[in-house]
């Protein structure tokens, strides 16, 4: 797979069809594969791909609007591209999509932290992640460390592509059992979980910056006039910030999970974004990022919309 | 050097407690110890550095209350007193760098100073530098005692320690502990050599001068191309201290709040006019690197980085400052 990706990238850059290839390279830490912008044929040799490549690359597209770009895209990446197109942020014909059928990405930070000691080497063998530490070799189940969105992903294959690398995979599917589990709790329990998660936030905004949908030049949280969210760590402000962000994502969030995966404090965010996604699917049969022609969820008014709701 | 068995740490714990709060290393942050056993923490790198104690994420600078036409102001200095136990040399050095900025000259900061003066650093040698550590690059190492008040090393089941500063020596003097034995000191020396050598040292000679000539380099485009522009690297950095000040207003009262800020944020340099002198990520990246490896050494003859590797770990896209430094070093300078 990696060789095929490099071959395609080499050709695209070599023939001048694109200016840059957005892909991944091996990170310097264990269990990490990071975004990489290949600009020359020589740099193509660095490109690689594995389930440890967590960042949704669509996040970078708007900053390359003046270039011809090739991008490595999983199902969720193509959904993000669709949303960005439907919102007028990027143009499809400037983007060359190298489609990658995806088996899900791993909660790399959480896994790294759970090991608690230096990791020397990591590999994936027979559905297991094999982690070598100076003392021992640990094996954990691949499925146990899947990003929650990937665990129940309906769209692991790119929705569109200019070239596809590898064979399409079968969607795991499965709906939103995690959301349903959360909903079973009573109000106090839900509030307790919500407050505990939000209180961990240090306001570094890694969630916002990594999100392909958070492209606003001026985020509401940074606004001083009016000041929607005050500075500091009052829980009202932390909680409002995350809630409003999640609501801004309604019908736009493509459930890639990057926000939660990159959070340095491990704040759980997907139980909120996925609840909104589930409600939209259940109540309006709407799934974000499936059709670039369709107006955004909140940009559309239909006479047959149900009136008995507040999102 | 003194010695106390790890099983009898209560002998020093009481003395530490008499001094004030006792912070110990937990995985995520330094926390107050409730029992002497907690001094035994084996966490080698606390995710949130001790900076969180000296320079909290938020602190009110003053409060104001309005009563008719009268406005009164109140002091709101948050004090802290105690011992940070087990702080590794890299973090202690980082605090010495914060001191340069907050304790002298024009920058003297009463809020920081009030806490700093009452906090004792009981350092412990770092026995487990990890693959992201590059402390030895900056002329010190995992066994450097000079930035602490008391410095210790765990050798087998014994804690060996000694007072470094006057304050530290005073505290040690009153403890009921014995002198370390010759063979223990010998073992310590061997450990020091072995563990210090484990840290991968970077050759950054000449980086300060090189950077001064690279304001217009194309390297900043390249370096910043995968950066997302979040503040994780700066927030978890033990030497980054930038802050923002805003008023939080209520109907008849309010307070002036200082919170952390990050040079990686767009808002950091955004001016009231709407103009932003660092409009793109590449300029912000340039500033961050320049601050640590040029401005800081120019001002204080010290780099503004201690090589702890936290930024590498917390970065959502694993941008590695060591690679960046090497890139800067190898970049040809345009005539």
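Protein chains in written order, with our numbering: chain G, 3 to 313; chain U, 263 to 597.
Beta carbons: idealized from backbone N, C-alpha and C, even for Gly.
Within chain U, no residue has its beta carbon less than 7 angstroms from that of residue 217 of chain G; the closest one is some 11 angstroms off. Counting other Cβ atoms within 10 Å of its Cβ, residue 492 of chain U reaches 16 or more and is therefore classed as buried. Looking at G:249, G:79 and G:209, the one whose alpha-carbon comes closest to that of residue 299 of chain G is G:249. Neighbours of residue 488 of chain U in chain G, taken as residues whose beta carbon is under 7 angstroms from its own, are 36, 37, 38 and 39 in chain order.
DSSP, reduced to helix, strand and coil, places residue 348 of chain U within a strand of the structure shown.
Taking a Cβ-Cβ threshold of 7 angstroms, the residues of chain U close to residue 266 of chain G are 494, 498 and 576, in chain order. Residue 319 of chain U belongs to the set of residues whose beta carbon lies under 8 angstroms from a beta carbon in chain G.
The beta carbon of residue 521 of chain U lies closer than 6 angstroms to those of 320 and 506 in the same chain, with the five residues before and after it left out.
Neighbours of residue 224 of chain G in chain U, taken as residues at a C-beta separation under 7 angstroms, are given in chain order as 529.
Taking the beta carbon of residue 508 of chain U as reference, the chain G residues within 7 angstroms of it are 233, listed in sequence order. Interface criterion not met: the Cβ of residue 203 of chain G is under 8 angstroms from no Cβ in chain U.
Excluding its 5 nearest sequence neighbours in each direction, residue 425 of chain U has C-beta neighbours in its own chain below 8 angstroms: 411, 412, 431, 432, 433, 434 and 435, listed in chain order.
Contact holds between the stretch 32-45 of chain G and the stretch 110-121 of chain G, because three or more Cβ pairs, one in each stretch, are under 8 angstroms apart. Across the stretch 105-139 of chain G, CB contacts with chain U closer than 7 angstroms involve 120, in sequence order along the chain. By DSSP's assignment, residue 72 of chain G forms a beta bridge with G:23 and G:98. Burial check for residue 127 of chain G: the Cβ neighbour count within 10 Å stays below 16, so the residue is exposed. Neighbours of residue 393 of chain U across chain G, judged by C-beta separation under 9 angstroms: 30, 31, 32, 120, 121 and 122. Interface residue (Cβ-Cβ distance to chain U less than 8 angstroms): residue 152 of chain G is not classified as such. Here residue 220 of chain G is exposed. Its C-beta has fewer than 16 other C-beta atoms within 10 Å.
Fewer than three Cβ pairs drawn from the stretch 510-520 of chain U and the stretch 554-573 of chain U lie within less than 8 angstroms of each other, which leaves the two stretches out of contact.
At a cut-off of 8 angstroms between C-beta atoms, residue 258 of chain G does not count as an interface residue with respect to chain U. Here residue 411 of chain U carries a coil assignment [DSSP, helix/strand/coil]. Identification of residues in the stretch 67-81 of chain G having a C-beta nearer than 7 angstroms to some C-beta of chain U yields an empty set.
Chain G places a beta carbon closer than 8 angstroms to that of residue 521 of chain U, counting this residue as a contact. The beta-bridge partner set that DSSP reports for residue 37 of chain G consists of G:26.
8 angstroms or more divides the Cβ of residue 225 of chain G from the Cβ of residue 255 of chain G.
Note on residue 524 of chain U: 16 or more other CB atoms within 10 angstroms of its CB, so buried under the neighbour-count rule. From the listed residues G:24, G:12 and G:85, the smallest Cα separation to residue 253 of chain G is found for G:85.
Beta-bridge analysis with DSSP links residue 328 of chain U to U:333. Residue 301 of chain G and residue 200 of chain G have their C-alpha atoms spaced approximately 29 angstroms apart. For residue 211 of chain G, the chain U residues whose Cβ falls inside 7 angstroms of its Cβ are 490, 491 and 492, in order along the chain. Residues of the same chain with a CB within less than 7 angstroms of the CB of residue 587 of chain U, apart from the 5 flanking positions on each side, are 464, 466 and 469 in chain order. Among the residues of chain G, none has a CB under 8 angstroms from the CB of residue 438 of chain U; the nearest is roughly 35 angstroms distant. A buried status is given to residue 357 of chain U, since no fewer than 16 other beta-carbon atoms sit within 10 Å of its beta-carbon. Close to residue 582 of chain U, with beta-carbon spacing below 7 angstroms, are these residues of chain G in chain order: 30. Between the alpha carbons of residue 302 of chain U and residue 156 of chain G lies a distance of about 48 angstroms.
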